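Just below is one structure, and these are the notes that go with it.
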Amino acid sequence: MRPDTRWRLTDPDLVWRAWPGETEVVAFSPRAGSLHLLTSSAHALLQELSRRPLTTADITECIASETAVACDVVEEALPDLMQVLRDAELIQPVGQ
Amino acid sequence: VTLTHLPDSVARRRLADPGLFLRVGPLTVRVCSTHESVNTYLRSHYGHFPLEDGPDAHFTIDLGAPQGVRRWIRPQVVFRADGHVPFYPLPASMASAMFEWGFNWCIARRVHHLLVLHCAVVSRGGRAVLLPAQPEAGKSTLSAALVAHGWEFASDEFALVDVETGAIHAMPRPISLKIGSSDIIAARWPAAQFSPDVFDLRGVRIRYLRPPIESAIKDRRAVDARWIAIPQYRAGWPTVVEPMSRARMLAHLADSSYNFSQFGRRGWDCLAAIVEGARSFTLTYSNIDEALAMFDRLSADNEDPRSRASTAA
Chain G
40 MRPDTRWRLT
50 DPDLVWRAWP
60 GETEVVAFSP
70 RAGSLHLLTS
80 SAHALLQELS
90 RRPLTTADIT
100 ECIASETAVA
110 CDVVEEALPD
120 LMQVLRDAEL
130 IQPVGQ
Chain D
35 VTLTHLPDSV
45 ARRRLADPGL
55 FLRVGPLTVR
65 VCSTHESVNT
75 YLRSHYGHFP
85 LEDGPDAHFT
95 IDLGAPQGVR
105 RWIRPQVVFR
115 ADGHVPFYPL
125 PASMASAMFE
135 WGFNWCIARR
145 VHHLLVLHCA
155 VVSRGGRAVL
165 LPAQPEAGKS
175 TLSAALVAHG
185 WEFASDEFAL
195 VDVETGAIHA
205 MPRPISLKIG
215 SSDIIAARWP
225 AAQFSPDVFD
235 LRGVRIRYLR
245 PPIESAIKDR
255 RAVDARWIAI
265 PQYRAGWPTV
275 VEPMSRARML
285 AHLADSSYNF
295 SQFGRRGWDC
305 LAAIVEGARS
315 FTLTYSNIDE
325 ALAMFDRLSA
335 DNEDPRSRAS
345 TAA
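Residue numbers (this note's numbering), protein chains in the order written: chain G, 40 to 135; chain D, 35 to 347.
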């Protein structure tokens, strides 16, 4: 995964629900008609991407600052998370 | 008018042509058949459901005889849904079971105006429990036991949701029980009425429990879902109730739906509202009395689950 690749939501109309005291969040893509159960990290990532497309480096920085986790830890976990979200067709590189 | 109001000869004639227009929950189904066993089954298990005049119905189920020698030699029954034949014929002795299986198939495949959830529904004091379980989880046995225990029956297989209003409609059809389960229910509910035994396609002997008469009469009333429980019978296990996140239950309910994706955002908002208005949990049990006691405690609890609103984006 190239750090300068810019990512965006596959469905800009993606919506989600979160309830107080719950760590899981559920998202729905009206375009695909699909529903996804997300971790709080995945939710944070999608929320950032819903504002604007971001590079992998930007995403790392955003998640690190929001979750107070060190950048290198986020950097290590991010490829797997991004791959899961990409496989679920929730995110895609800009231009695709 | 219900089927029990019609003389047997009239019912038989109407069943053959033009068919009986049965109102079951929010659906009208036209049933046509010349099989005497279908007439007998409908009279015993659907006898108190309202009959409509027709000609409009949400779908037509026709249980007829096949062409050729199977009409007479080892006779068979052919299931037609709106004229199509989706299944191979079965022995005529399975006609009433084929009606129920075909009815399930029609609801799952042909109901497009309502969100179809695969779940049992029972209620007490106007507050309902949805039981969206996987097959073989003991959902039917549990819902029948709850009804035998004084809960009101609303549905064994499906809840049909109007996504515009959020109303959850009951489908109080007969409950399919394996022989062991029907024996358990018969012991708890001496007045329970069962169909004759029939073998399902796996060779398992089952019976259909007639829904309580009052459930057929009240079938147009929407239910207010206050609890959503995923039951799982496990022999030898203690009774364990575990809270489930609403997010996870919302995902589960969507998975339990046959047509969730066709409603888009409206279906999403509707299911989210149902989940938000209810407490979600899983129930693992082997002792049915303990499970019933747990549901009794639930019904005595007056907490309003809607006090914990979601954040949505």
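Backbone N, C-alpha and C fix where the C-beta goes; we use that ideal spot for every residue, glycine too. Predicted, not measured: the structure shown is a model, and the values here were computed from it.
Membership of D/E198 in any beta strand (DSSP E) is not indicated, and neither H nor E is assigned to it by DSSP. Legend: CB atoms of the stretch 283-308 of chain D lying less than 7 Å from CB atoms of chain G belong to residues L284, A285, A288, S295, G298, R299, W302, A306. Leaving aside the five residues that flank G/S89 on each side, the residues in its chain whose CB is nearer than 7 Å to its CB run, in chain order, L48, L53. Boundaries around G/H82 are those of the alpha helix (DSSP H), 79-90, since no beta strand (DSSP E) includes it. The stretch 201-213 of chain D makes contact with the stretch 57-67 of chain D, as at least three CB pairs between them are under 8 Å.
Excluding residues up to 5 positions away in sequence, A81, L84, L85, I130 lie with their Cβ nearer than 8 Å to the Cβ of G/L124 in the same chain.
In the three-state DSSP reduction, D/T175 falls in the helix class (H, G or I).
Bounds of any alpha helix (DSSP H) do not take in G/A71, whose DSSP letter is neither H nor E. When the Cα atoms are used, D/V72 and D/S130 turn out to be separated by approximately 5 Å. Cβ contact annotation for D/K173 (same chain, cutoff 7 Å, sequence separation greater than five): A154, L165, A167, P265, in chain order.
Nearest Cα to D/N293 within the set D/I141, D/T273, D/P109, D/L243: D/I141. Put simply, the CB of G/R91 is far from chain D, with every gap to its CB atoms at 7 Å or more.
With contacts defined as CB atoms closer than 7 Å, D/S189 and D/A269 fail to qualify as a contacting pair.
Under DSSP, D/C66 takes part in a beta bridge, and its partners are D/D96. In terms of Cβ geometry, D/E198 and D/S157 do not form a close pair [threshold 7 Å]. Contact check between the stretch 71-85 of chain D and the stretch 212-221 of chain D: fewer than three CB pairs, one atom from each, fall below 8 Å, which does not count as touching.
Residue-level contact by beta carbon holds for D/S279 and chain G, with a gap shorter than 7 Å.
Around the Cβ of G/P59, a 10 Å sphere holds fewer than 16 other Cβ atoms; the residue is exposed. For D/D258, the enclosing beta strand (DSSP E) covers residues 256-267. Out of D/W261, D/R236, D/H152, the CA that lies nearest to the CA of D/D289 is found in D/H152.
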